[in-house]
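**Q** Heads up: the sequence shown runs through residues 1 to 170, numbered per my numbering.
Submitted below is the structure of interest, expressed as structure tokens.
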Amino acid sequence: MQPILKHVGRLVALMVAGVLAMTVLSGAPASAAPIKSHDVQPATSSEAVAARTVARVKCNWRARKCFGSIAVNTKTLKAFILNDRKSKSAARHGVMKQCRKAGNGKNCKSAGWARNACLAVAIRIKGGVPKKWASAGAFRIKKAKKKAKHKVAGPGTEKIWAYLCTTRRR
């Protein structure tokens, strides 16, 4: 059994090294736009999982402690997301700092936080005026969005304002 584990360990190390080498050698052009967290697709191969795991250093995913937080500015209707932090306070304080820095800090409200889960914020708008907003969390994004929309149900249009999923779930 031990020789098999050695081979598997070597194979994983080679895959990670290969992905890192390809990344360094390919070199993105200077004009390349940064990747936004909502543009990232879930990994489908072990190479992508290994590369993503190596790239993330702000989240303690091995200890199952990945925190994310959402803040909203109720006047400008902008949402701010901070994901994959090592602690709840780092996620909550960091996202509130982003919101305040963007302007008019007295209207910034913490919408919620998630640990190893997904979080969604929904808003209900009637006649072009926001009437109610609420957040909900779940282990799957589809469920979090559904729960958040249910909380703001009523006359008008309900839509998802912002959402996030931490790297590590459960």
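We put the CB at the ideal spot given by N, CA and C, even for glycine.
Just the C-alpha distance for SER87 and ILE125, rounded to the nearest angstrom, thanks.
**A** Locating residue 87 in the sequence shown gives position 87, counting from the first residue. Locating residue 125 in the sequence shown gives position 125, counting from the first residue. Answer to the nearest angstrom: the Cα atoms are 33 Å apart.
**Q** Spell out a yes or no on whether the stretch 97-105 and the stretch 151-169 are touching, meaning 3 or more CB-CB pairs, one atom from each, closer than 8 Å.
**A** Taking 8 Å as the limit for Cβ pairs, the verdict is that the stretch 151-169 does not touch the stretch 97-105.
**Q** Classify LYS145 as buried or exposed, calling it buried when 16 or more other Cβ atoms lie within 10 Å of its own Cβ.
**A** Start at 1 with the first residue of the sequence shown, and residue 145 comes out as number 145. The residue in question, LYS145, is buried, as its Cβ has 16 or more Cβ neighbours within 10 Å.
**Q** Pop quiz: VAL72 and VAL129 are said to be a contact at Cβ under 8 Å. What is the actual Cβ separation, rounded to whole angstroms?
**A** For the purposes of this step, residue 72 is taken as residue 72 along the sequence shown, with counting starting at 1. For the purposes of this step, residue 129 is taken as residue 129 along the sequence shown, with counting starting at 1. Between VAL129 and VAL72 the Cβ distance is about 16 Å, and since that is not below 8 Å, they are no contact.
**Q** Rank GLY112, GLY156 and LEU119 by C-alpha distance to the C-alpha of THR166 and give the top, closest one.
**A** By one-based count along the sequence shown, residue 166 stands at place 166. It is LEU119.
**Q** Please give me, in chain order, every unbroken run of the beta strand (DSSP E) with length at least 3 that falls completely inside the stretch 58-138.
**A** Entirely contained in the stretch 58-138, the beta strand (DSSP E) runs reaching 3 residues are, in chain order, 67-73, 78-85, 108-115, 118-126 and 129-138.
**Q** Straight-line CA distance for ALA162 to ARG64?
**A** As a working mapping, residue 162 is identified with position 162 in the sequence shown. As a working mapping, residue 64 is identified with position 64 in the sequence shown. Whole-angstrom Cα-Cα distance: 23 Å.
**Q** How big is the Cα-Cα spacing for LYS184 and GLY137?
**A** No statement about residue 184 is possible, as the shown extent of the chain runs from 1 to 170 and does not include it.
**Q** Is it buried or exposed, GLY127, if we count other Cβ atoms within 10 angstroms and call 16 or more buried?
**A** For the purposes of this step, residue 127 is identified with residue 127 of the sequence shown, where counting begins at 1. Exposed is the call here.
**Q** By DSSP, does VAL54 sit in helix, in strand, or in coil?
**A** In the sequence shown, the residue the question calls residue 54 occupies position 54. With a pLDDT of only 41 at VAL54, under 50, the local geometry of the prediction cannot be trusted, and no value is derived from it.
**Q** If you draw a straight line from the alpha carbon of LEU164 to that of THR76, how long is it in whole angstroms?
**A** In the sequence shown, counting from the first residue as 1, residue 164 sits at position 164. In the sequence shown, counting from the first residue as 1, residue 76 sits at position 76. Distance between the alpha carbons of LEU164 and THR76: 20 Å.
**Q** Rounded to the nearest angstrom, what separates PHE80 and PRO155 at their Cα positions?
**A** In the sequence shown, counting from the first residue as 1, residue 80 sits at position 80. In the sequence shown, counting from the first residue as 1, residue 155 sits at position 155. If I take the Cα positions, the gap works out to 26 Å.
**Q** Please return the same chain residues whose Cβ sits closer than 6 Å to the Cβ of CYS59, not counting the five positions on each side in sequence.
**A** Taking the first residue of the sequence shown as 1, we reach residue 59 at position 59. Correct list, in chain order: CYS66, ASP84 and THR167.
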